[in-house]
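As structure tokens, the structure follows; a few thoughts come after it.
This is the structure:
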């Protein structure tokens, strides 16, 4: 998968990769809701089309934000897991959530497992990452 | 300008607004480089097409992330300024920059005025916002 980068700026280059309406929604589903399968991603309330989902998963895999594997007990279904590079999007995801919570009051932060820790963002981010890492460990063990 | 929101999640709603390759590049140019005019935005190294630039500025204005005005001494040229809602994207922009710096080592954080303060993100964000606010004050005074 070819990806062209517009400049040597790390902001625009990150947006070359993740600047679309879906990539970070998929990362949200993995990181905050522990989703792992194509079926789980396709059932999110945003209603992603399966073609777009397949293409975004492929892109995230190509750039090593996620890995695809099969579990020994189920050789039919792929499961998708965030790599460290993907889990390190937690601070960015949290800022997206907080900005949306502040400026789109019709949208509801309570829908996300981010409650009660707003004052201490660093702890919240660490908690999200530790939680995901323990899901990861449990899954591939 | 109609904008449809996919769900009541603040993450996906923020991406409905800002999840594209250009909106945050324009915010970067305003916030970190103090750019204010159409001409200045169009001269960024990413080479935004003028039609896309015009449409993104209109969207950012519609959703009150920026305001457009004219200066008394120059009635020909519009200048664009971030609102508080726009300036409050600083934490998100900083996270985008740091993730890009960490995971796209071919891209160069030194290009951005973000040097030396990596350890203290909160101070960096405050400094960026204060700096922008003083540009704002000087411009409209």
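Protein chains in written order, with the numbering used here: chain P, 1 to 141; chain H, 142 to 282. Heads up, the beta-carbon is just placed ideally off N, CA and C, and yes, glycines get one too. Only a predicted model underlies this, so the values are computations on that prediction, with no experimental measurement involved.
Point to revise | Own chain, CB closer than 6 Å to residue 277 of chain H, minus 5 neighbours either side, in chain order | key: 222
Practice item. Run the CB neighbour count on residue 140 of chain P, radius 10 Å, all protein chains shown included, and call it buried at 16 or more, exposed below. Key: exposed
Review point. In this structure, what does DSSP give as the bridge partners for residue 79 of chain P?
Key: P:69
Review point. Rounded to a whole number of angstroms, what is the C-alpha to C-alpha distance between residue 42 of chain P and residue 27 of chain P?
Key: 13 Å
Check your understanding: Taking all protein chains shown into account, do 16 or more other C-beta atoms lie within 10 angstroms of the C-beta of residue 56 of chain P, making it buried, or fewer, making it exposed?
Key -> buried
Point to revise | chain P contacts made by the region 214-232 of chain H, where a contact means CB separation under 8 Å | key: 226, 229, 230, 232
Review point. With a Cβ-Cβ cutoff of 8 Å, do residue 155 of chain H and residue 104 of chain P count as a contact?
Key: yes
Exercise for review: Compare the Cα-Cα distances from residue 121 of chain P to each of P:38, P:36, P:7, P:96 and report the closest residue.
Suggested key: P:96
Point to revise | Rounded C-alpha distance that separates residue 178 of chain H from residue 205 of chain H | key: 17 Å
**Study point:** Length of the line joining the Cα atoms of residue 100 of chain P and residue 75 of chain P
**Key:** 39 Å
Review point. Cβ of residue 160 of chain H less than 8 Å from any chain P Cβ?
Key: yes
Check your understanding: Which partner residues of residue 215 of chain H appear in the DSSP bridge assignment?
Key -> H:212
Review point. Using DSSP with H/G/I as helix, E/B as strand and the rest coil, what is residue 107 of chain P?
Key: coil
Check your understanding: With a cut-off of 8 Å, does the C-beta of residue 169 of chain H fall near any C-beta of chain P?
Key -> yes
**Study point:** Span of the alpha helix (DSSP H) around residue 33 of chain P
**Key:** First-last for residue 33 of chain P: undefined, no H or E at that position.
Check your understanding: Within this structure, are the beta carbons of residue 286 of chain H and residue 230 of chain H separated by less than 8 Å?
Key -> This structure cannot settle anything about residue 286 of chain H, because the visible part of chain H is limited to 142 through 282.
Check your understanding: Between the region 186-213 of chain H and chain P, which residues of the former have a C-beta closer than 8 Å to a C-beta of the latter?
Key -> 186, 187, 188
Point to revise | C-beta neighbour in chain H for residue 100 of chain P, strict 8 Å | key: yes
Review point. What residue from P:85, P:39, P:40 has the CA that sits closest to residue 61 of chain P's CA?
Key: P:85
Practice item. May I ask which residues mark the beginning and end of the alpha helix (DSSP H) holding residue 202 of chain H? Key: 191-203
**Study point:** Among H:255, H:180, H:153, nearest to residue 98 of chain P - alpha-carbon criterion
**Key:** H:153
Exercise for review: Taking residue 91 of chain P as the reference, give the member of P:69, P:32, P:7, P:9 with the closest Cα.
Suggested key: P:32
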